[in-house]
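Residue numbers (my numbering), protein chains in the order written: chain A, 160 to 418; chain B, 160 to 418.
For each residue, glycine too, the CB sits at the ideal point set by N, CA and C.
Values in this document were obtained by computation on a predicted structure and should not be read as measured data.
The structure under discussion appears below in the form of structure tokens.
Number of protein chains: 2
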Amino acid sequence: MGQASDTGAASMLMRHLGNFMDVTERESEAIAAALAGPVLAAGARTDLMTEGEAPRAVLLIVSGWACRYKMLEDGRRQIVAILLPGDLCDLNNGVLAQMDHSIGTLTPVRYVEISSEVLQRLAADHPKIGQGLWWQLLVNVAIQREWTVNVGRRSAVERIGCLFCELLLRLQAVGLAGEDGYPFPLTQTELAEATGLTSVHVNRTLQTMRNSGLIRLADRTLSIPDLTALQDIALFSPDYLHLNEKERRSGKGVTRLGT
Amino acid sequence: MGQASDTGAASMLMRHLGNFMDVTERESEAIAAALAGPVLAAGARTDLMTEGEAPRAVLLIVSGWACRYKMLEDGRRQIVAILLPGDLCDLNNGVLAQMDHSIGTLTPVRYVEISSEVLQRLAADHPKIGQGLWWQLLVNVAIQREWTVNVGRRSAVERIGCLFCELLLRLQAVGLAGEDGYPFPLTQTELAEATGLTSVHVNRTLQTMRNSGLIRLADRTLSIPDLTALQDIALFSPDYLHLNEKERRSGKGVTRLGT
DNA sequence: TCTGCGACTAAACATAGATGAATTCCTGCC
DNA sequence: GGCAGGAATTCATCTATGTTTAGTCGCAGA
Numbered sequence: 160m161g162q163a164s165d166t167g168a169a170s171m172l173m174r175h176l177g178n179f180m181d182v183t184e185r186e187s188e189a190i191a192a193a194l195a196g197p198v199l200a201a202g203a204r205t206d207l208m209t210e211g212e213a214p215r216a217v218l219l220i221v222s223g224w225a226c227r228y229k230m231l232e233d234g235r236r237q238i239v240a241i242l243l244p245g246d247l248c249d250l251n252n253g254v255l256a257q258m259d260h261s262i263g264t265l266t267p268v269r270y271v272e273i274s275s276e277v278l279q280r281l282a283a284d285h286p287k288i289g290q291g292l293w294w295q296l297l298v299n300v301a302i303q304r305e306w307t308v309n310v311g312r313r314s315a316v317e318r319i320g321c322l323f324c325e326l327l328l329r330l331q332a333v334g335l336a337g338e339d340g341y342p343f344p345l346t347q348t349e350l351a352e353a354t355g356l357t358s359v360h361v362n363r364t365l366q367t368m369r370n371s372g373l374i375r376l377a378d379r380t381l382s383i384p385d386l387t388a389l390q391d392i393a394l395f396s397p398d399y400l401h402l403n404e405k406e407r408r409s410g411k412g413v414t415r416l417g418t
Numbered sequence: 160m161g162q163a164s165d166t167g168a169a170s171m172l173m174r175h176l177g178n179f180m181d182v183t184e185r186e187s188e189a190i191a192a193a194l195a196g197p198v199l200a201a202g203a204r205t206d207l208m209t210e211g212e213a214p215r216a217v218l219l220i221v222s223g224w225a226c227r228y229k230m231l232e233d234g235r236r237q238i239v240a241i242l243l244p245g246d247l248c249d250l251n252n253g254v255l256a257q258m259d260h261s262i263g264t265l266t267p268v269r270y271v272e273i274s275s276e277v278l279q280r281l282a283a284d285h286p287k288i289g290q291g292l293w294w295q296l297l298v299n300v301a302i303q304r305e306w307t308v309n310v311g312r313r314s315a316v317e318r319i320g321c322l323f324c325e326l327l328l329r330l331q332a333v334g335l336a337g338e339d340g341y342p343f344p345l346t347q348t349e350l351a352e353a354t355g356l357t358s359v360h361v362n363r364t365l366q367t368m369r370n371s372g373l374i375r376l377a378d379r380t381l382s383i384p385d386l387t388a389l390q391d392i393a394l395f396s397p398d399y400l401h402l403n404e405k406e407r408r409s410g411k412g413v414t415r416l417g418t
């Protein structure tokens, strides 16, 4: 924090990949070179890509929050993913001709656009980075599955609780959350769109959660006094985020207890 | 149908990839070689892979239906994807150490296991096949997103309607569905687990849909007398299946009207 | 200072869908 | 040919969540 270089595009991506692999000097230079393009900026609530368009490039979120969303003809909107700094969208390889969903910002966002070719070359020249990108993609799919479970089978408190836990871990993974809380920019309406509820019911549910001391949420800041309690109530299990692959692969994978 | 070779592992995969690319003689031989392993069989309702395990290999469904599912601690189950013949599961590249969901059969299934290395070599030697595998993966992610919308924002009729439409198109894409119907092996309980409903409510909803003539479903066979009507009622749009990429890429992409 | 807008809150009412239990219908199996 | 167990069906009841409406607050612009 504080130092300008820490919040650059390359270092943001490296922070994220750092959860999967150790990045060597050489690799870090290659990443910096690949992300040399200009950092672009977009205001809150604007589309970075729109359903139906041809995907132009791969987007790397540098700061701010964005989301993937789909709309039904009659206006119902579902946010299907939240994109945080360090997240790479649409590792498309030029395969799909048309976006089947939109990408929109939730807050003001800084981002860079990377061409598929540059990324492909990066992955080819540095296999470990290639694996890292692959890891990001697979984790995103895993998150998408978990979201399906979330809206399909969980109650309102559970849905919101799980989302809060997921975001805490993901933000911590890129150094953007404290021990037990983080800035939470979503409006209740957007929270509703992400959880498959209505804003009214989200409001009701947040009140309950506040009253029972599960969360504190005010002034766009969320804090979770007792993470274990929230995880238990929400039936949240962090496995699907695959945040510990590095340790596991490096052989010390024996440390797991119980399960 | 009928000829044995038509239902082999290689030809099943090629049927699927055929929606994305034209497969040359050379490529088809390479695919056949890569899938030379034995065809395995599993009964209905058994796990091919279980949450928590290390993924052994990539699975190619040759015949029968399977699914991905996740269970909550208290027993609630959500089916997050349906796997049909020609589908490749867990293009994992050896990156993730642990399955975050299970893969189970719905009917008796014949399948082959392919090692990541073999697939990687296949993709490296035949870039177009590599793209085809990439396409499969991206479409699966797109389907997953659509399922999130489905359970998050759609009503019971819409959810079931959309699922029926999706399966029709996907089965037609591998030559396993007729013009307006297909064998439908799921029980109402499983249908409920896939749509985020209860079996009782699925039953009610199916009655309604039958009575209004939208579908016929009996003897494990579904038929859709008026696909357009069902699509309209369910707010189904097939874009996310990306079944027309071949035409679109080959330049005649100008044929689209309206939109 | 006034006005308008969006976020949040709140309460009353409506309903889609869940729950639980009972009955019937198949289908495979002995 | 009878039986067992799962699947489908139906009913009655309940509740979590949606809908509607309205009020408050803070902030931005005129």
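7 Å Cβ cutoff, residue i in contact with chain A
i                      : result
residue 290 of chain B : yes
residue 310 of chain B : yes
residue 407 of chain B : yes
residue 199 of chain B : no
residue 329 of chain B : no
residue 164 of chain B : Legend: pLDDT at residue 164 of chain B = 41, less than 50; position of this residue unreliable, value from coordinates given subsequently. Not closer than 7 Å to any Cβ of chain A, the Cβ of residue 164 of chain B fails to qualify, so no.
residue 276 of chain B : no
residue 247 of chain B : no
residue 232 of chain B : yes
residue 297 of chain B : yes
Minimum Cβ-Cβ distance from residue i to chain B less than 7 Å
i                      : result
residue 256 of chain A : yes
residue 363 of chain A : no
residue 293 of chain A : yes
residue 414 of chain A : With a pLDDT of 43 at residue 414 of chain A, under the threshold of 50, the modelled position of this residue cannot be trusted; read the value that follows with caution. Not one chain B Cβ lies under 7 Å of residue 414 of chain A.
residue 252 of chain A : yes
residue 229 of chain A : yes
residue 355 of chain A : yes
residue 140 of chain A : The structure shown does not extend to residue 140 of chain A, since chain A spans only 160 to 418, so no value can be given for it.
residue 349 of chain A : no
residue 394 of chain A : yes
Proximal residues of chain B, C-beta to C-beta of residue i below 9 Å
i                      : result
residue 303 of chain A : 239, 300, 303, 304, 306 and 307
Proximal chain B residues relative to residue i, where beta-carbon distance stays under 7 Å
i                      : result
residue 260 of chain A : 304
residue 399 of chain A : 259
residue 235 of chain A : 312
residue 218 of chain A : Going along chain B, no residue has its Cβ under 7 Å from residue 218 of chain A, so there is no contact; the nearest lies around 16 Å.
Beta-bridge partners of residue i, as assigned by DSSP
i                      : result
residue 268 of chain B : B:201
residue 341 of chain B : B:381
residue 237 of chain A : A:229
residue 248 of chain B : B:218
residue 206 of chain A : A:263
residue 327 of chain A : In the DSSP output, where bridge partners are listed per residue, residue 327 of chain A has none listed.
residue 400 of chain A : Its beta-bridge partners do not exist; DSSP assigns none.
residue 194 of chain A : Beta-bridge pairing links residue 194 of chain A to no other residue.
residue 150 of chain A : Beyond the ends of chain A as shown, which are 160 and 418, falls residue 150 of chain A; an answer cannot be given.
residue 356 of chain A : Bridge partners of residue 356 of chain A: none, in fact.
residue 242 of chain A : A:225
residue 288 of chain A : For residue 288 of chain A, which the question treats as bridged, DSSP gives no partner whatsoever.
residue 273 of chain A : A:217
Buried versus exposed call for residue i [16 or more other C-beta atoms within 10 Å across all chains shown]
i                      : result
residue 286 of chain A : exposed
residue 366 of chain B : exposed
residue 301 of chain B : buried
residue 212 of chain B : exposed
residue 337 of chain B : exposed
residue 200 of chain B : exposed
residue 222 of chain A : buried
residue 304 of chain A : buried
residue 202 of chain B : exposed
Interface partners of residue i on chain A, CB under 8 Å
i                      : result
residue 404 of chain B : 254, 255 and 256
Where residue i meets chain A, residues with beta-carbon distance less than 7 Å
i                      : result
residue 265 of chain B : Under the 7 Å cutoff, chain A gives no residues; its nearest Cβ is about 17 Å from residue 265 of chain B.
Residue i: CB within 6 Å of a non-hydrogen atom of the ligand FMN
i                      : result
residue 212 of chain B : Of the ligands one can find in the structure shown there are none, so the ligand FMN has no counterpart to examine.
Worksheet item: Is the segment 187–201 of chain A touching the segment 232–250 of chain A, taking contact as three or more C-beta pairs under 8 Å?
Response: Judged by Cβ distances under 8 Å, the segment 187–201 of chain A makes no contact with the segment 232–250 of chain A, as fewer than three pairs qualify.
Item to complete: Evaluate the contact criterion for the segment 274–282 of chain B versus the segment 251–264 of chain B: three or more CB pairs, one atom per stretch, below 8 Å.
Response: yes
Practice prompt. Kindly confirm or deny that the segment 399–409 of chain B and the segment 343–360 of chain B touch, where touching means at least three C-beta pairs closer than 8 Å.
Written response: No, because fewer than three Cβ pairs between the segment 399–409 of chain B and the segment 343–360 of chain B fall closer than 8 Å, the two stretches do not touch.
Worksheet item: Counting pairs of beta carbons, one from the segment 292–308 of chain B and one from the segment 373–383 of chain B, are three or more of them closer than 8 Å?
Response: no
Worksheet item: When the Cβ atoms of the segment 215–233 of chain A are set against those of the segment 259–273 of chain A, are three or more pairs found closer than 8 Å?
Response: Contact between the segment 215–233 of chain A and the segment 259–273 of chain A is present, with at least three C-beta pairs closer than 8 Å.
Discussion item. Would you call the segment 382–396 of chain B in contact with the segment 320–328 of chain B, where contact means no fewer than 3 C-beta pairs closer than 8 Å?
Written reply: yes
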